[in-house]
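**Student:** First, the structure itself, so that you have it in front of you.
Protein chains in written order, with this note's numbering: chain U, 8 to 217; chain E, 373 to 659.
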């Protein structure tokens, strides 16, 4: 053994082999696990699915029971596009080999977001309560159109805040690109829904006066 | 010389690998300062030895950590009963059937691949499905799923609706109200509330404090604080190898509860069954 120490070349060779092994090990882990189970990207992909699920449920109801063609078209658009996004986020999680679900919603985005959620009755930003959903599902026609617009505008505002949080936190190109697209789309949805809502309210008012 | 060697090796051991880098850099500095000095008797290059030992330890540590991370990633809890037999998961058993290697009848529990809606035909006798195990963890079911967006039901729900939720990739937590006290129920509820693809309901007569069901698998425990409950939720909710229906959602199901669920031996009368069915059908569209 003591002879070994007299040959620095042997030491260097052993160290080099070990470092190479360590390098492979690190590469192996990072190649198979980017981003990790506790990463903001994985947290965003899980939580945004939950958030989207409710939007799809609201939009499906409006598509079936609403009256205003423009509002129903927006609802159709939201239901189909957010369903596609749910599938996209699920396949990210599967590719990354991480949990599909976690018991700690919004923890990826930091304490502030978790507190906001607690203030919102345990719901993520912008999500409707069970009571609001139950009330909405009693409505049809004009009343459904109005409540849908109000619920979905709030829902989108919350969704945009979540997407902005991941854009700040992540440098994963796929995730940041998708989140940025969500922000753009949902902002334009809000403008459109607000426009149609204003029209509906104005029309109802003039009809009431006439 | 011999005693000196022993001493220094002892100090090296005591100092541990952390000092290895320091030792290395110190000897390097000394060497450069005394650049012109001629050393006759070469001492053991302890600095060099410690440096390389340190590098070796760090490298082996990294390899071990990497191996552990990959091995530890996504493991099911130990106490799970798996009804897929040797096939292990829905993915694998389905692939074997699709490839013609086996048929469903070859399985010990053929219900892991039975996914029909029993209330879709004219035969109404099987509209309250019965199951081989209780609570059920898969099999033919009703056309409506139980809403499973982190829903906590205070009363029992129909097996056939809950099994449909399992098909959608949800985990169903059931507890025996006689074996779990109120505090423990709210403790369990806090794990489920708001967690998409999970649902919880009492299951009188199940005979074990807590039972967790995902499609084709089950975990039962007498301890409501068992850490395996969280592990099961984390592992099986929407598990990619265990999805009996990919892409399905937990919103838009029924939220009906009933106090007359078929818990164990007690069977419903036909009247009760049809009343229940009517109640479920009428509440289905509006939730």
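In this text, a Cβ means the ideal position worked out from N, Cα and C, and glycines have one as well.
If we count the other Cβ atoms within 10 Å of its Cβ and call it buried at 16 or more, is residue 562 of chain E buried or exposed?
**Tutor:** exposed
**Student:** Tell me whether residue 516 of chain E is buried or exposed, calling it buried when 16 or more other Cβ atoms sit within 10 Å of its Cβ.
**Tutor:** The residue in question, residue 516 of chain E, is buried, as its Cβ has 16 or more Cβ neighbours within 10 Å.
**Student:** Quick check: what's the CA-CA separation for residue 45 of chain U versus residue 106 of chain U?
**Tutor:** 9 Å
**Student:** What does residue 67 of chain U touch in chain E if you count any residue whose Cβ is under 9 Å from its own?
**Tutor:** Neighbours of residue 67 of chain U on chain E, chain order: 623 and 624.
**Student:** My parser needs the beta strand (DSSP E) runs of 3 or more residues fully inside the region 441 to 525 of chain E; what are they?
**Tutor:** If we require 3 residues or more, the beta strand (DSSP E) runs fully inside the region 441 to 525 of chain E come out as 521 to 524.
**Student:** Using C-beta distances below 6 Å, list every residue in its chain close to residue 50 of chain U, excluding the 5 sequence neighbours before and after it, in chain order.
**Tutor:** 115
**Student:** Can you give me the C-alpha to C-alpha distance between residue 465 of chain E and residue 431 of chain E, rounded to a whole angstrom?
**Tutor:** Going by the C-alpha atoms only, they are around 41 Å apart.
**Student:** Who are the neighbours of residue 15 of chain U on chain E, taking C-beta pairs under 8 Å?
**Tutor:** 417 and 420
**Student:** Just the Cα atoms here: how many angstroms apart are residue 457 of chain E and residue 421 of chain E?
**Tutor:** 54 Å
**Student:** Starting from residue 87 of chain U, follow the alpha helix (DSSP H) in both directions and report where the run begins and ends.
**Tutor:** Where residue 87 of chain U is concerned, the enclosing alpha helix (DSSP H) stretches over 76 to 103.
**Student:** Residues of the region 111 to 122 of chain U with a CB closer than 8 Å to any CB of chain E: list them in chain order, please.
**Tutor:** Only 112 from the region 111 to 122 of chain U bring a Cβ to less than 8 Å from some Cβ of chain E.
**Student:** Round the Cβ separation of residue 589 of chain E and residue 440 of chain E to the nearest angstrom and send it over; I've been treating them as touching at under 8 Å.
**Tutor:** Rounded, the Cβ-Cβ distance is 25 Å, inconsistent with contact.
**Student:** Alpha carbon to alpha carbon, how far is residue 621 of chain E from residue 74 of chain U?
**Tutor:** 26 Å
**Student:** Confirm, please, whether the CB-CB distance from residue 530 of chain E to residue 544 of chain E is below 9 Å.
**Tutor:** no
**Student:** Using the beta-carbon count (16 or more within 10 Å), is residue 18 of chain U buried or exposed?
**Tutor:** buried
**Student:** What does residue 148 of chain U pair with, by DSSP beta-bridge criteria?
**Tutor:** As a beta-bridge residue in DSSP terms, residue 148 of chain U pairs with U/73.
**Student:** Classify residue 206 of chain U as buried or exposed, calling it buried when 16 or more other Cβ atoms lie within 10 Å of its own Cβ.
**Tutor:** exposed
**Student:** In its own chain, which residues sit with a C-beta less than 8 Å from the C-beta of residue 56 of chain U, not counting the 5 before and 5 after it?
**Tutor:** Excluding positions up to five away in sequence, the list reads 93, 96 and 97.
**Student:** I'd like the span of the alpha helix (DSSP H) that includes residue 607 of chain E, first residue to last.
**Tutor:** 599 to 608
**Student:** Provide the residue span of the beta strand (DSSP E) that contains residue 130 of chain U, from first to last.
**Tutor:** No beta strand (DSSP E) holds residue 130 of chain U; DSSP gives it neither H nor E.
**Student:** Using the beta-carbon count (16 or more within 10 Å), is residue 69 of chain U buried or exposed?
**Tutor:** That one is buried.
**Student:** Would residue 569 of chain E pass as a contact of residue 108 of chain U if the rule is Cβ separation under 9 Å?
**Tutor:** yes
**Student:** Could you say if the region 570 to 580 of chain E and the region 520 to 528 of chain E meet the contact criterion of at least three C-beta pairs nearer than 8 Å?
**Tutor:** yes
**Student:** Chain U beta carbons: is any one of them nearer than 9 Å to that of residue 469 of chain E?
**Tutor:** no
**Student:** I'd like to know whether the C-beta atoms of residue 134 of chain U and residue 123 of chain U end up nearer to each other than 9 Å.
**Tutor:** Between residue 134 of chain U and residue 123 of chain U, the C-beta gap is not smaller than 9 Å, which leaves the two residues out of contact.
**Student:** Since residue 450 of chain E meets chain U, which of its residues come closer than 7 Å, beta carbon to beta carbon?
**Tutor:** Ordered by position in chain U, no residue passes the 7 Å Cβ test against residue 450 of chain E, which lies about 17 Å from the chain.
**Student:** Can you tell me where the beta strand (DSSP E) holding residue 586 of chain E begins and where it ends?
**Tutor:** 582 to 586
**Student:** How many Å lie between residue 183 of chain U and residue 193 of chain U at the Cα?
**Tutor:** Across the structure, residue 183 of chain U and residue 193 of chain U are spaced so that their CA atoms are roughly 15 Å apart.
**Student:** If you check the beta carbons only, do residue 480 of chain E and residue 491 of chain E fall under 9 Å apart?
**Tutor:** no
**Student:** Report the residues of the region 154 to 175 of chain U with a CB closer than 9 Å to any CB of chain E, ordered along the chain.
**Tutor:** none
**Student:** Is the CB of residue 21 of chain U under 9 Å away from at least one CB in chain E?
**Tutor:** yes
**Student:** Tell me which residues share the same chain as residue 35 of chain U and place their Cβ nearer than 6 Å to its Cβ, disregarding the 5 neighbours each side in the sequence.
**Tutor:** none
**Student:** When you compare only the Cα positions, how much space is there between residue 83 of chain U and residue 437 of chain E?
**Tutor:** 48 Å
**Student:** With DSSP as the reference, please indicate the residues paired to residue 592 of chain E in a beta bridge.
**Tutor:** E/583
**Student:** Within this structure, are the beta carbons of residue 539 of chain E and residue 513 of chain E separated by less than 9 Å?
**Tutor:** Yes, Cβ-Cβ distance for residue 539 of chain E and residue 513 of chain E is below 9 Å.
**Student:** Beta carbon of residue 547 of chain E, beta carbon of residue 578 of chain E: below 9 Å?
**Tutor:** yes
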